[in-house]
Amino acid sequence: MAKRDYYEVLGVERGVDAEGLKKAYRALALQYHPDRNPDDPVAEEKFKEASEAYAVLSDPDKRRAYERFGFEGVGTGQPGFDMGDFGAFGDVLNDLFGDLFGARGGAGGRQRRGRGRRGADLRYTLEVELHDLLAVREETITIPKMRPCATCNGSGAKPGTRPDTCSRCRGSGQLMFQQGFFRISRPCDQCGGAGEVVKERCGGCRGAGRIEGEQTLSVKIPAGIEHGTRLRLAGEGEAGIEGGPPGDLYVDVAVRPHPLFARDGTDIHIQVPIPFVQAALGGEIEVPTLEGRVPLRIPEGTQSGKTFHLPGKGLPPLGGRARGDQVVQIFVEVPTKLTERQRELLQNFASESGTDVSPVTRGFIEKLRDLFG
Numbered sequence: 021m022a023k024r025d026y027y028e029v030l031g032v033e034r035g036v037d038a039e040g041l042k043k044a045y046r047a048l049a050l051q052y053h054p055d056r057n058p059d060d061p062v063a064e065e066k067f068k069e070a071s072e073a074y075a076v077l078s079d080p081d082k083r084r085a086y087e088r089f090g091f092e093g094v095g096t097g098q099p100g101f102d103m104g105d106f107g108a109f110g111d112v113l114n115d116l117f118g119d120l121f122g123a124r125g126g127a128g129g130r131q132r133r134g135r136g137r138r139g140a141d142l143r144y145t146l147e148v149e150l151h152d153l154l155a156v157r158e159e160t161i162t163i164p165k166m167r168p169c170a171t172c173n174g175s176g177a178k179p180g181t182r183p184d185t186c187s188r189c190r191g192s193g194q195l196m197f198q199q200g201f202f203r204i205s206r207p208c209d210q211c212g213g214a215g216e217v218v219k220e221r222c223g224g225c226r227g228a229g230r231i232e233g234e235q236t237l238s239v240k241i242p243a244g245i246e247h248g249t250r251l252r253l254a255g256e257g258e259a260g261i262e263g264g265p266p267g268d269l270y271v272d273v274a275v276r277p278h279p280l281f282a283r284d285g286t287d288i289h290i291q292v293p294i295p296f297v298q299a300a301l302g303g304e305i306e307v308p309t310l311e312g313r314v315p316l317r318i319p320e321g322t323q324s325g326k327t328f329h330l331p332g333k334g335l336p337p338l339g340g341r342a343r344g345d346q347v348v349q350i351f352v353e354v355p356t357k358l359t360e361r362q363r364e365l366l367q368n369f370a371s372e373s374g375t376d377v378s379p380v381t382r383g384f385i386e387k388l389r390d391l392f393g
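Here it is as structure tokens:
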């Protein structure tokens, strides 16, 4: 196929500026890119044709040679034309791939890694008591971690100096290579993809931008938080390397087991022992809660295992106000050692009630008869 004039290929006038060239090529590249036109040889040829035209016209020296000598002046008269290293061509391809795959980041779709590396995330386990969950609470913690160097403010460069632009990649952080028709980029091996090189390193941190230290932080614990909940403190992890961003701090909340109370969501459960005489006769007892003791009326004939609810004496829900209940389960204590007088009184009680003193009560026997006849 005969080669067409590059300006005709891109559909622009000969006096077009760099921005106009880029805009025209970008529109054609989006239209004819192979990923948008799979198995379409015509679209593939048009994409190659437009890319070749832009690669020449976007370079001032090659553009002047083309306008003076035509295709022979830029070495494109024969098949196998090598586009060379065209920075602007790489820019517009980055724009193109950003639109095709949704990978654009920042102006022009180019993302530079930056000189530093992100600091590590840290994890801290914070133990709290059950009663601490009744309201929002502030806890102060001290953690060992790498902190930004105070001498260089975390840059890694000697005070009074600045990192130099990398001479190999000219500040882009990427090196471009031609592989067949497409270009391949990889991080610059001289600056590690940062685009900058520190020649005079800070003496305080030897260029790392951080030193070992400790930090004291205030952590807000929400009311009603569950055991095992993880809180994220953005940017409170270890300082980045050579000016990189800090990591995050993750605080795992651990609620210590309570000797009396057990938690079930927002409800608090407790078992309270009472003497068997009090269970039979009834009366008033004092029940411990997370906020102190409260009275509870026990009716006559209360059986072991009976539960009572104390409304609003539990925990608040996370982010809410209405508290759960405290569930009080009664268990009746039976004395294990009796005096002769106590034994005599119980035997008299058994005689009066018509029930033999035996582990098997009459009610249990009646249930057995109902089941088995």
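Count along the sequence shown from 1, add 20, and you get the number used in this note's numbering. Glycine is no exception: its CB is placed at the ideal position from the N, C-alpha and C atoms. Owing to the predicted nature of the structure, the values given are computational and were not obtained by experimental measurement.
As computed with DSSP, threonine 236 is found in a beta bridge with Thr162.
Around the beta carbon of phenylalanine 67, 16 or more other beta carbons sit within 10 angstroms, so the residue counts as buried. When secondary structure is reduced to three states using DSSP, phenylalanine 392 falls in the helix class. DSSP places leucine 30 within a helical segment (H, G or I) once states are collapsed to three. Of the residues Phe197, Tyr74, Cys225 and Glu246, the one whose Cα lies closest to the Cα of asparagine 173 is Cys225. Residue pairing by DSSP places isoleucine 261 opposite Arg137 in a beta bridge. For leucine 365, the enclosing alpha helix (DSSP H) starts and ends at 360-373. The three-state secondary structure of arginine 221, taken from DSSP, is strand.
Valine 94 and tyrosine 27 have their C-alpha atoms spaced approximately 15 Å apart.
For glycine 244 and glycine 344, the gap between their C-alpha atoms comes out near 10 Å. Put simply, the backbone Cα of isoleucine 318 is about 15 Å away from that of isoleucine 290. One thing to note: glycine 227 has its Cβ no nearer than 8 Å to the Cβ of cysteine 189.
Going by beta carbons, leucine 330 and threonine 309 fall inside the 8 Å limit.
Counting C-beta pairs closer than 8 Å gives three or more between the stretch 269-276 and the stretch 149-169, which meets the contact rule. In this structure, alanine 70 places its C-beta atom within 8 Å of the C-beta atom of leucine 30. Taking the Cα positions, aspartate 209 is about 35 Å away from phenylalanine 91. With a cutoff of 8 Å on beta-carbon distance, proline 183 and valine 217 are scored as near each other. Taking C-alpha positions only, proline 315 is separated from phenylalanine 351 by approximately 17 Å. Annotation for glutamine 298: the continuous alpha helix (DSSP H) segment containing it runs 296-301.
Listed in chain order, the non-local C-beta contacts of arginine 83 below 7 Å within the same chain comprise Val76 and Leu77, local neighbours out to five positions each way being set aside. Under the criterion of beta carbons closer than 8 Å, glutamate 353 and proline 293 qualify as touching, at roughly 5 Å. From the listed residues Ala63, Glu372 and Asp25, the smallest Cα separation to phenylalanine 89 is found for Asp25. The continuous beta strand (DSSP E) containing glutamate 147 extends over residues 142-148. Arginine 167 sits close to isoleucine 231, with the two beta carbons spaced by under 8 Å. With 16 or more other CB atoms across the displayed protein chains lying within 10 angstroms of its CB, alanine 259 is buried. Ranked by how close their Cα comes to the Cα of isoleucine 261, the residues Gln298, Val348 and Gly139 have Gly139 in first place. Straight-line spacing of the CA atoms in threonine 162 and glycine 176 works out to 25 Å. About 11 Å separates the beta carbons of leucine 142 and glycine 255, which is beyond the 8 Å limit, so they are not a contact pair. Cα atoms of isoleucine 288 and glutamate 372: separation of roughly 41 Å, rounded to the nearest angstrom.
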